[in-house]
Structures are given as C-alpha cells and as structure tokens.
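S.K.: Provided herewith is a single structure, encoded as structure tokens, for subsequent inquiry.
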Amino acid sequence: MSDTTTGTAGRRVFIDKQSPKAYHALVQASEAVRATAADAGLDRVLVELINLRVSQINGCAFCLDVHTKAALRAGETTQRLGVLPAWRDTELFTPRERAALALAEATTDIANATAQEDAYEEARLVLTEDEISAVIWVALTINAFNRVSIMSRHPVRGLPRQ
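Per our numbering, residue 386 is the first one in the sequence shown, and the count goes up by one each step.
Next up, the structure:
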C-alpha cells in the first residue's frame, strides 16, 4: 500500500531544482514582467491581487501563501484578501482593479472566449493598452509559477493553528 503524500507514489520532482536553467529563465521572465507592470503604472498591490486571484483559480497553495504575505507587505488589507474570491460581489475593489481581475481570470481560463471578450471590453474602459498588456503578462507568469509549484507539490511551511 502506498501513501500518496509521503510514499514513493506521492513523491514529486521539484522541477525548479531538477531543471534550474529552465526555472531561472522563468524567474528572469517574471522580473521583466514585474518591471513591465511598474512601467505601465500597476502598483504592487494590484499585481499581488492578480497573483492571488490566479493562484486561487488554479488552487496553488504554495503561491497563495507567498503572495498573501507579499500583498500584506505591499499594504493590502485582510478584508479585501478575504473577499477576493468574490470580488464581483463587493464594492471594495476599484473599477481599475475589477477590470484587471476580470482580465487575469480570462487569461487563466483561456478556453472561455466569451469571458475574454467581456474582460477586454471592460479593461479598455479603464486601463491603457500598456496596463492591459502588463495585466496579461502578470497573469501569464503566475499561471506558469502555479504549474511549477502544483506539479512539484511545493509544501507550504508553517505551524497549524492550535
């Protein structure tokens, strides 16, 4: 009998460690995307909201942990982080943030052409072309990191609540 979390059947290759050149290229791409986002005028909080929303959709615990901490460091509130999965049902997010989140979701659910068209329409009302491009690049990059962490089963470290 094999245990899928600790036994041989459950062990995963940490592909970032196994193929460091490829992972380093992804890190370099993310650094370029971070600069692109800053140059386009996306603040760190918005970038982290995109990272978190995409990671929520993909179910990447490792990236959720990393980017929750980063969002808090950037000044995001726990209230907004708590309601992020239901951002459409609250007025806590600005029209610009809402457009970016919709575009990030459409980038993540690439098979939904209707969502893509709707997201682009909304984004064009409140975001510049540079901002639209940057949002998509941020979403593309975190999608890639989500897949690295999910396929590697990167652990979330910390103490359980007592």
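Virtual Cβ for every residue (Gly too), placed ideally from N, Cα, C.
None of these values were measured; they are calculated from a predicted model.
Who are the near neighbours of ALA422 in its chain, counting only those whose CB is closer than 6 Å to its CB and skipping five residues on each side?
M.R.: Along the sequence shown, one-based indexing puts residue 422 at 37. For ALA422, where only same-chain residues beyond five positions count, the Cβ hits under 6 Å are VAL432, ALA519, VAL523.
S.K.: Quick check: the Cα distance between LEU510 and ALA446, rounded to an integer number of angstroms?
M.R.: Here residue 510 refers to the residue found at position 125 of the sequence shown. Here residue 446 refers to the residue found at position 61 of the sequence shown. LEU510 and ALA446: Cα-Cα distance of roughly 33 Å.
S.K.: Would the beta-carbon of ALA489 fall within 8 Å of that of ARG546?
M.R.: Here residue 489 is taken as the residue at index 104 of the sequence shown, counted from 1. Here residue 546 is taken as the residue at index 161 of the sequence shown, counted from 1. Taking 8 Å as the Cβ cut-off, ALA489 and ARG546 do not qualify as a contacting pair.
S.K.: ILE435 and LEU486 look like a contact to me (Cβ under 8 Å); what is the Cβ gap, rounded to whole Å?
M.R.: Residue mapping note: residue 435 aligns to position 50 of the sequence shown, counting from 1. Residue mapping note: residue 486 aligns to position 101 of the sequence shown, counting from 1. Sure, about 7 Å apart at Cβ, within 8 Å.
S.K.: I'd like the list of long-range same chain contacts for PRO470, defined as Cβ closer than 6 Å, with 5 residues on each side in sequence excluded.
M.R.: As a first step, residue 470 is located in the sequence shown; it is residue number 85 there, counting from the start. Only GLN441 meet the Cβ criterion.
S.K.: Between THR526 and VAL430, is the Cβ-Cβ spacing less than 8 Å?
M.R.: For the purposes of this step, residue 526 is taken as the residue at position 141 of the sequence shown. For the purposes of this step, residue 430 is taken as the residue at position 45 of the sequence shown. No, the Cβ-Cβ distance between THR526 and VAL430 is not below 8 Å.
S.K.: Along the alpha helix (DSSP H) that carries GLN403, what are the first and last residues, could you check?
M.R.: Residue mapping note: residue 403 aligns to position 18 of the sequence shown, counting from 1. Residues 400 to 403.
S.K.: Where do the N-terminal and C-terminal ends of the alpha helix (DSSP H) with ASP450 fall, by residue?
M.R.: In the sequence shown, counting from the first residue as 1, residue 450 sits at position 65. That run of the alpha helix (DSSP H) goes 446 to 459.
S.K.: What does the Cβ neighbour count give for THR390, buried or exposed, with the cut at 16 atoms within 10 Å?
M.R.: Within the sequence shown, numbered from 1, the residue matching residue 390 stands at position 5. Note that THR390 scores 42 on pLDDT, short of 50, meaning its location in the model is unreliable; the coordinates nonetheless yield the value given after this. Label assigned to THR390: exposed.
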